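Protein chains in written order, with the numbering used here: chain A, 2 to 246; chain B, 2 to 246.
Beta carbons are placed, not taken as given, at the ideal position from N, Cα and C, and that holds for glycine.
From a predicted model like this one, the values you see are computed outputs, not experimental measurements.
Okay, structure first, notes after.
2 protein chains.
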Amino acid sequence: MTQQAEAARRPPLSRDRVLRAGVALADEAGIDSLSMRKLAQELGVVPMALYKHVANKEQLLDGMVDVVVGEIEPPDPGSDWKGAVRRRILSARRALIGHPWAAQVIQSRPRPTPVVLAYMDSVIGMFRTGGFSVDLTHHVMHALGSRMLGFTQELFDASPGPEPDAPAPASAGDAGQYPYVAELAGAVAHEEGSVVGGGCDDQFEFEFSLDLLLDGFERLRRQGWTSARRPQETSEAQEAQETTG
Amino acid sequence: MTQQAEAARRPPLSRDRVLRAGVALADEAGIDSLSMRKLAQELGVVPMALYKHVANKEQLLDGMVDVVVGEIEPPDPGSDWKGAVRRRILSARRALIGHPWAAQVIQSRPRPTPVVLAYMDSVIGMFRTGGFSVDLTHHVMHALGSRMLGFTQELFDASPGPEPDAPAPASAGDAGQYPYVAELAGAVAHEEGSVVGGGCDDQFEFEFSLDLLLDGFERLRRQGWTSARRPQETSEAQEAQETTG
DNA sequence: ACCTGAACACCGTTCAAGT
DNA sequence: ACCTGAACACCGTTCAAGT
Numbered sequence: 002m003t004q005q006a007e008a009a010r011r012p013p014l015s016r017d018r019v020l021r022a023g024v025a026l027a028d029e030a031g032i033d034s035l036s037m038r039k040l041a042q043e044l045g046v047v048p049m050a051l052y053k054h055v056a057n058k059e060q061l062l063d064g065m066v067d068v069v070v071g072e073i074e075p076p077d078p079g080s081d082w083k084g085a086v087r088r089r090i091l092s093a094r095r096a097l098i099g100h101p102w103a104a105q106v107i108q109s110r111p112r113p114t115p116v117v118l119a120y121m122d123s124v125i126g127m128f129r130t131g132g133f134s135v136d137l138t139h140h141v142m143h144a145l146g147s148r149m150l151g152f153t154q155e156l157f158d159a160s161p162g163p164e165p166d167a168p169a170p171a172s173a174g175d176a177g178q179y180p181y182v183a184e185l186a187g188a189v190a191h192e193e194g195s196v197v198g199g200g201c202d203d204q205f206e207f208e209f210s211l212d213l214l215l216d217g218f219e220r221l222r223r224q225g226w227t228s229a230r231r232p233q234e235t236s237e238a239q240e241a242q243e244t245t246g
Numbered sequence: 002m003t004q005q006a007e008a009a010r011r012p013p014l015s016r017d018r019v020l021r022a023g024v025a026l027a028d029e030a031g032i033d034s035l036s037m038r039k040l041a042q043e044l045g046v047v048p049m050a051l052y053k054h055v056a057n058k059e060q061l062l063d064g065m066v067d068v069v070v071g072e073i074e075p076p077d078p079g080s081d082w083k084g085a086v087r088r089r090i091l092s093a094r095r096a097l098i099g100h101p102w103a104a105q106v107i108q109s110r111p112r113p114t115p116v117v118l119a120y121m122d123s124v125i126g127m128f129r130t131g132g133f134s135v136d137l138t139h140h141v142m143h144a145l146g147s148r149m150l151g152f153t154q155e156l157f158d159a160s161p162g163p164e165p166d167a168p169a170p171a172s173a174g175d176a177g178q179y180p181y182v183a184e185l186a187g188a189v190a191h192e193e194g195s196v197v198g199g200g201c202d203d204q205f206e207f208e209f210s211l212d213l214l215l216d217g218f219e220r221l222r223r224q225g226w227t228s229a230r231r232p233q234e235t236s237e238a239q240e241a242q243e244t245t246g
């Protein structure tokens, strides 16, 4: 009765509503809290009702990834390849940051969804129309890796877990055992503009390595790099050039 | 009776034996098949017996990561920083490749174990003794990210899953929808030396982007880069130099 | 024909009962 | 004091029974 009344008040279930509820639940409660059962409860529906709109949990996660990737802004044409790629990737980063679970879920997918494939296709196109050979574009895409979607795999899960006030990764007590880590941690803690608590400026780090790669790509493109010449040889030849220049 | 006889035959349980059995089980059956219950069964022991040697499953996974990281060869002194770092990272890569689950597990850990911290400390040391400032070393470590431990996060799980003969990521049917992906896939399929099945040469891709980064690091080091000057400005200044040179 | 509750085959971990 | 079986609170998904 009450159940029926509630069902009548809510809009009918649809794949889209299921996916958006999944995204909302993962945003709020974390990806570990996302279960078919909890999602059904959130939607005021019996668990099995979900299976009419998604084949299983894997397909639910696929669809949720599509929602996030759908938030990435389209490429803006009419600028140099580097600026265009840079802007697009930083837009992807903004989308991913809004959904902290997304990076992990994307990497757990056994294959890209059509929406992700379309995004990758358009990024590849930006390199190709920017004057990159098929060969170089291929390796460049591998070098970008997950950075293409706006995230780098931090070595350890930096997401705010269930232990909010845990000791810092490199606490003072470990300074003796890990002198170089301590030196770095100390410098970061005193850095201007760093977040309270001694954290790193993730955006700066992201742009630092993104620009390092993009600059490297541009250098290779100008040299007409092909996979016949290994990058190491390339760099050595270039180092010689720089030294003499 | 039979149980007791079996228990008597086996060496007594220890933390080390539990960890090694966990590594072996994950190697053989995949990380998804690793459960406390199955691991106990593998050791001929009741599930609760494991909890005397590891506090919980999280600590089991931590210990398993330590086993893998322990396989990385120590640094060999007395060579230039780039060669030393390169060799060490490629050694880490060999260790990680032997345990396909390790990359995923490392990234799921909320914080580095002491063994991983010690490895990171020694890598930081290779940069510092190689002439890198604390500042630059910090950003360089971020840029390396998971590559430091020998793996890059491939955008999608390339590990041999439960569907061994599934269609290729970009099958011919999708060529029309994703023209640039198709172009790349076609080129890779015809590449010399590529594995049968059209896969990429992962080792080449890894070294390509590793060398791209290491070369970039060396360039910044020589320029005396500090975080006051952004990489982009650096590169633009350098581009002007290169163009005029 | 459609929907759904109970059931199945798992988890990690707690806890009290047994030796 | 030590060990461990049963139990708890969950999963994703199957399937047969109900409407």
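- Neighbours of Y52(A) in chain B, taken as residues whose beta carbon is under 7 Å from its own, are absent, since the nearest beta carbon is some 20 Å off.
- Under a criterion of Cβ atoms nearer than 7 Å, no residue of chain A is adjacent to A103(B); the nearest Cβ is some 13 Å distant.
- E59(A): member of the alpha helix (DSSP H) spanning 58-70, first to last residue.
- Secondary structure at Y179(B): coil, using DSSP grouped into helix, strand and coil.
- The C-beta of G146(B) comes closer than 7 Å to at least one C-beta of chain A.
- At a beta-carbon threshold of 8 Å, the residues of chain A lying near G217(B) are L213, L214, D216, G217, ordered along the chain.
- Interface with chain A (7 Å Cβ-Cβ cutoff): Y120(B) is excluded.
- By the rule that beta-carbons nearer than 7 Å mark a contact, Q108(B) touches chain A.
- Neighbours of F133(A) across chain B, judged by C-beta separation under 7 Å, do not exist; the nearest C-beta is about 11 Å away.
- Closer than 7 Å to the CB of I125(B) there is at least one CB belonging to chain A.
- Interface with chain A (7 Å Cβ-Cβ cutoff): E59(B) is excluded.
- In this model, L40(B) and G23(B) are separated by some 6 Å (Cα to Cα).
- For V86(A), the closest of A50(A), Q60(A), R148(A), R16(A) by C-alpha to C-alpha distance is R148(A).
- Sequence-distant Cβ neighbours of V141(A) in its own chain, meaning closer than 7 Å and more than five residues away, are F128, F133, F218.
- Boundaries of the alpha helix (DSSP H) harbouring E208(A): 203-223, taken from the DSSP string.
- Secondary structure of H54(B) (DSSP, three-state): coil.
- Annotated three-state conformation of T138(A) is helix, per DSSP.
- Using a Cβ-Cβ distance cut-off of 8 Å, the segment 101-115 of chain B and the segment 20-34 of chain B are in contact, since at least three pairs of beta carbons, one from each stretch, lie closer than that value.
- Taking C-beta atoms as the reference points, I107(A) and G151(A) fail to come closer than 7 Å.
- Taking 7 Å as the threshold, the shortest C-beta distance from V70(A) to chain B does not fall below it.
- For the C-beta of S210(A), the chain B residues within less than 7 Å are, from N- to C-terminus, H143, A144.
- Going by DSSP, A93(A) is part of the alpha helix (DSSP H) stretching over 82-98.
- Nearest neighbour of E155(A) by Cα position, chosen from G131(B), H191(B), P111(B), turns out to be P111(B).
- Per DSSP, the unbroken alpha helix (DSSP H) holding T130(A) starts and ends at 115-130.
- Taking a Cβ-Cβ cut-off of 7 Å, the neighbours of V182(B) in chain A comprise L118, M121, D122, I125, given in sequence order.
- For E206(B), the nearest beta carbon of chain A is closer than 7 Å to its own beta carbon.
- With fewer than 16 other Cβ atoms from the protein chains shown falling within 10 Å of its own Cβ, A56(A) counts as exposed.
- CA-CA distance, L51(B) to D17(B), rounds to 11 Å.
- Interface flag for H140(A) against chain B is set, since a Cβ pair is found closer than 7 Å.
- L137(A) and L221(A) do touch by the CB rule: their CB atoms are close to 6 Å apart, below 8 Å.
- Excluding its 5 nearest sequence neighbours in each direction, W82(B) has C-beta neighbours in its own chain below 8 Å: M127, F128, T130, G131, G132, F133, listed in chain order.
- Of the other Cβ atoms in all chains shown, fewer than 16 fall within 10 Å of the Cβ of H191(B); this residue is therefore exposed.
- Distances from the alpha-carbon of V70(B) to those of I125(B), Q204(B), A119(B) put A119(B) closest.
- At a cut-off of 7 Å between C-beta atoms, R89(B) does not count as an interface residue with respect to chain A.
- Chain A has a Cβ within less than 7 Å of the Cβ of Q154(B).
- Interface residue (Cβ-Cβ distance to chain A less than 7 Å): L185(B) is classified as such.
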